[in-house]
Amino acid sequence: MNKKGMNKSDLITPPIRSRKVAVITACVVIFLVVVDLLMTRQIVPYNNTSETVMFILTVVVAYGVGSWILLGYTKQAISGLRAKSHFINIMYWAVTIIQFCLLAILVFVIFNNSSRYPVLSVYLISSISALIIIGIISFKFFSWYSRGKRNVMVLFFGIATATFGFSILEDAYTKLILVQVVEEKSPPGAIPQSSFLYITDKKYHAEIQYKVVNSHTTTLWILPSSLTSLKNSLDYLTVFPYLFTWLAVATLLRQYYQTIRIGKLPLKFWIILSIPMAFYLIGSGLIF
């Protein structure tokens, strides 16, 4: 790149112009996130070694190199829009700063995991920033709906983003308020390890969700049995973001189809569109 065409911001996130590189990077990041989720649900084999490997890969690839590439591609892709909109420019740099702050904290955790507070700070920063961004996007959708032709697709997207914000808030409430952290003395000769259990413990009258064993102390993340019904009720509400997102996308595709062909969207397309939603409802355990 010509040095005269560079500015100071290019040193942080240099423009990435290759769409292929961005798509491959996004696929790798999504793959890591999916594996992480499957490990937390004990679907993929999980032990101390695999946890360490996946955590380092997630930090280095997803939060580090992957974010750097995707932010660089986004920077050049919306360069014209950022030049016209001060709001979009602020949003871009806010996301960039937050992402690299999270990376710095997670790198610190790799080398010093003796305290849970750095991880807690990552969760707080990501949840609060996501709520703010989702709230702004939701407000924009509702503003477009009220000032425009009251397009039902825009309304569905607005409701979807608003309910996603509620879902993030519900998740934060569950992890920060409902779930309690208990420390106890480790038995002699305990081997350091961690695991997701999701088993009921009579000693604490609670469900043990996560357990970290160190040589001296064992830390448990537990959900008291008295709060299980409340958590289950809140979990049922998390279906609404996916439902309204599905409705918004289905409406978008239906409107696009009508621009290229006259008539209603064929039944086979509705069946194909319904498959992802059906898989989500079945996999989430909300209907079975």
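Just so you know, we're using my numbering here: the sequence shown kicks off at -4 and counts up by one.
Idealized CB from N, CA, C, for every residue including glycine.
The structure displayed is predicted, hence computed values, not measured ones.
Check                                                                                                                                                                                              : Outcome
Let's see if you can read the secondary structure: which residues bound the alpha helix (DSSP H) around tyrosine 87?                                                                               : 81 to 106
For leucine 222 and glutamine 204, which I take to be in contact (beta-carbon distance under 8 Å), what is that distance rounded to the nearest angstrom?                                          : Going by Cβ atoms, the distance from leucine 222 to glutamine 204 rounds to 12 Å, so no, they are not a contact pair.
Taking the runs of the beta strand (DSSP E) that are 3 residues or longer, which of them lie wholly in the region 145 to 229?                                                                      : 175 to 180, 188 to 196, 201 to 208, 212 to 219
Pick helix, strand or coil for glycine 143, following the three-state DSSP scheme.                                                                                                                 : coil
With 16 as the cutoff for other CB atoms within 10 Å, does valine 117 come out buried or exposed?                                                                                                  : buried
Secondary structure at valine 39, three-state DSSP: helix, strand or coil?                                                                                                                         : coil
Look at the alpha carbon of serine 62 and the alpha carbon of alanine 99, and state the distance between them as a whole number of angstroms.                                                      : 13 Å
Could you check whether the Cβ of leucine 215 sits closer than 7 Å to any heavy atom belonging to the ligand SAM?                                                                                  : Questions concerning the ligand SAM fall outside what the structure shown contains, since it holds no ligand whatsoever.
Tell me whether glutamine 175 is buried or exposed, calling it buried when 16 or more other Cβ atoms sit within 10 Å of its Cβ.                                                                    : exposed
Assign lysine -2 to one of two classes, buried (16 or more other C-beta atoms within 10 Å of its C-beta) or exposed (fewer than that).                                                             : For lysine -2, the predicted model reports a pLDDT of 49, less than 50, meaning its position is unreliable and no value from the coordinates is stated.
Please return the same chain residues whose Cβ sits closer than 6 Å to the Cβ of tyrosine 68, not counting the five positions on each side in sequence.                                            : Ile11, Ala17
Can you give the beta carbon distance from valine 30 to valine 39, rounded, assuming they're within the 8 Å contact cut?                                                                           : 6 Å
Assess contact between the region 190 to 198 and the region 162 to 175, defined as three or more Cβ pairs (one per stretch) separated by less than 8 Å. Is contact present?                        : no
By DSSP, does arginine 12 sit in helix, in strand, or in coil?                                                                                                                                     : coil
Measuring straight from C-alpha to C-alpha, what distance separates arginine 145 and phenylalanine 151?                                                                                            : 11 Å
What is the DSSP secondary structure of isoleucine 132, counted as helix, strand or coil?                                                                                                          : helix
Can you tell me whether glycine 0 is helix, strand or coil according to DSSP?                                                                                                                      : At glycine 0, the pLDDT of 49 sits below 50, so the modelled position is not reliable; the number obtained from the coordinates is stated separately. The answer is helix: DSSP assigns glycine 0 an H, G or I state.
Identify, in the order they occur along the chain, each residue of the same chain with its Cβ nearer than 6 Å to the Cβ of glutamate 178, setting aside the five sequence neighbours on each side. : Thr212, Thr214
Put arginine 249 into one of helix, strand or coil per three-state DSSP.                                                                                                                           : helix
Along the chain, where does the alpha helix (DSSP H) containing threonine 69 start, and where does it finish?                                                                                      : 62 to 72
Out of curiosity, what's the CA-to-CA distance linking lysine 170 and phenylalanine 136?                                                                                                           : 29 Å
Should tryptophan 216 go down as buried or exposed, given a rule of 16 or more other Cβ atoms within 10 Å for buried?                                                                              : buried
Got a sec? Which residues, its chain only, sit under 7 Å from asparagine 209 by beta carbon, not counting five neighbours each side?                                                               : Ser181, Pro187
Is it a yes or a no for the region 77 to 93 touching the region 122 to 129, going by three-plus beta-carbon pairs under 8 Å?                                                                       : yes
Go ahead and label phenylalanine 258 buried or exposed: buried means 16 or more other beta carbons lie within 10 angstroms of its beta carbon, across all protein chains shown.                    : For the sequence presented, residue 258 should be read as glycine rather than phenylalanine. So glycine 258 ends up on the exposed side.
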